[in-house]
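The structure under discussion appears below in the form of structure tokens.
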Amino acid sequence: MANISLQHLDKIYDNHVQAVYDFNLEVKDGEFIVLVGPSGCGKSTTLRMVAGLEDISGGRLLLDGEDITAAPAKDRDMAMVFQNYALYGHMTVYENMAFSLTLRKEDPNVIHKKVLAAAEILGLTDQLNKKPKQLSGGQRQRVAMGRAIVRSPKVFLFDEPLSNLDAKLRGATRREILLLHKRLNATMLYVTHDQTEALTLADRIVCMSMGHVQQIGTPLELYDTPSNLFVASFIGLPPMNFFTVKVEGACLACAGFSLALDEKEKALLAPYRGKEIVLGVRPENMAEGGDVCVRVFSNENLGMNTLVHGHIMADNGDKMPITCKLRGWYDFKAGDTVKVAFLKKHFFDQKTTNAIRAKGE
Ligand code: ADP
Numbered sequence: 002m003a004n005i006s007l008q009h010l011d012k013i014y015d016n017h018v019q020a021v022y023d024f025n026l027e028v029k030d031g032e033f034i035v036l037v038g039p040s041g042c043g044k045s046t047t048l049r050m051v052a053g054l055e056d057i058s059g060g061r062l063l064l065d066g067e068d069i070t071a072a073p074a075k076d077r078d079m080a081m082v083f084q085n086y087a088l089y090g091h092m093t094v095y096e097n098m099a100f101s102l103t104l105r106k107e108d109p110n111v112i113h114k115k116v117l118a119a120a121e122i123l124g125l126t127d128q129l130n131k132k133p134k135q136l137s138g139g140q141r142q143r144v145a146m147g148r149a150i151v152r153s154p155k156v157f158l159f160d161e162p163l164s165n166l167d168a169k170l171r172g173a174t175r176r177e178i179l180l181l182h183k184r185l186n187a188t189m190l191y192v193t194h195d196q197t198e199a200l201t202l203a204d205r206i207v208c209m210s211m212g213h214v215q216q217i218g219t220p221l222e223l224y225d226t227p228s229n230l231f232v233a234s235f236i237g238l239p240p241m242n243f244f245t246v247k248v249e250g251a252c253l254a255c256a257g258f259s260l261a262l263d264e265k266e267k268a269l270l271a272p273y274r275g276k277e278i279v280l281g282v283r284p285e286n287m288a289e290g291g292d293v294c295v296r297v298f299s300n301e302n303l304g305m306n307t308l309v310h311g312h313i314m315a316d317n318g319d320k321m322p323i324t325c326k327l328r329g330w331y332d333f334k335a336g337d338t339v340k341v342a343f344l345k346k347h348f349f350d351q352k353t354t355n356a357i358r359a360k361g362e
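For the sequence shown, my numbering assigns the number 2 to the initial residue and increments by one for each residue that follows.
This is the structure in structure tokens:
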């Protein structure tokens, strides 16, 4: 069992920088939580507070109901995997993996069994006598994971574990971490700036910006119903397109296009009549054959889809950039025009930046 309760956590560093504000999260036993956000948003600080590597300035931290807010790192029964692997260069893979158990003066037979079992899980059985410098980056990261596994901790903490790997290895190691989670059924907290890692790994994502939690939810919830402009722009690749539009009676209008609203949308946007809002449309939620006229700038064939970068030409001469991901193979040339339809729209309040949703949604 390993439930973690993060209650109103604040972190203020000695230089008075507040890195984390009022962080609240209930992590269930066996859950895979990913903290995601741009560099400097407070993800690592939050993880390090959980690990006991940073003091907690305010709030409480509970592990299985026990208050561990002030407990030293070594008493927390958590294992952390770092971006830079933090392996000992002079030790073999075996010795690196056995190190924490040797320190704890565990029975050598038990240590041996645990190291072999972890090596088996991670496909490192043939590498046990090598030194870290003889291994690839991906293998080194697996040794770092092995070192965590042998301790059988209650909680695994990962701080950007894939950042030092090249793109191909990142994908493969990501899938290994997912399998590892299934196999160990352990509670995991994972920090990354990469929204793809968040979407593919998490049971639930915590999206952060400037020390504040922006939204907590399943990957689908964050993708489908982002709670504000920040989450909408951070989750999804290529990112969502945004347009400032005016809500008129039965349509949304801007200098470049006018879109009819259906009855549900009319009701939803009734309080905004005569005002400007932000319309968000994901590139993949577009199709050829609508009312929005796009002047093509570049055409990228991805196989199943074509990525079209272009501009919506406004009546007043303004150019509004737009990226469309159209299903199928197109060969547009720069300067061509294509008419697209918006298949799914997201609406945001311009002042608060919050999503405009019907009550209960
Ligand atoms: P992230 O992991 O999201 O990149 P961090 O948690 O590392 O962000 O940092 C959050 C903020 O706290 C940043 O503004 C960073 O400069 C600041 N910060 C991090 N560590 C320290 C420290 N030891 N002393 C002072 N400020 C720090």
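Backbone N, C-alpha and C fix where the C-beta goes; we use that ideal spot for every residue, glycine too.
{"Item": "Secondary structure of E301, DSSP reduced to three states", "Value": "strand"}
{"Item": "Segment contact flag, the region 15-32 with the region 181-188, C-beta cutoff 8 Å, min 3 pairs", "Value": "yes"}
{"Item": "DSSP beta-bridge partners of A168", "Value": "According to DSSP, which records beta bridges pairwise, A168 is partnered with nothing at all."}
{"Item": "Cα-Cα separation between G53 and L262, rounded to whole angstroms", "Value": "52 Å"}
{"Item": "Where G139 sits in the DSSP three-state scheme", "Value": "helix"}
{"Item": "Residue from Q140, M211, A87 and R148 whose Cα sits closest to the Cα of K115", "Value": "R148"}
{"Item": "Rounded C-alpha distance that separates F231 from W330", "Value": "31 Å"}
{"Item": "Residues near K334 in its chain [Cβ-Cβ closer than 8 Å; skip 5 each side]", "Value": "V297 and N300"}
{"Item": "Contact test: K44 Cβ vs the ligand ADP heavy atom, cutoff 7 Å", "Value": "yes"}
{"Item": "Rounded C-alpha distance that separates D11 from N110", "Value": "43 Å"}
{"Item": "Residues that F231 bridges to, as DSSP identifies them", "Value": "None, per the DSSP bridge assignment."}
{"Item": "Per DSSP, cross-strand counterpart(s) of A254", "Value": "K247 and S259"}
{"Item": "Validate contact between the region 150-164 and the region 114-128 using beta carbons, cut 8 Å, 3 pairs", "Value": "yes"}
{"Item": "Beta carbon of F343 nearer than 8 Å to that of V282", "Value": "yes"}
{"Item": "For M98, three-class secondary structure by DSSP", "Value": "helix"}
{"Item": "Start-to-end residues for the alpha helix (DSSP H) that takes in D78", "Value": "Segment: none, D78 is in no alpha helix (DSSP H) and carries neither H nor E."}
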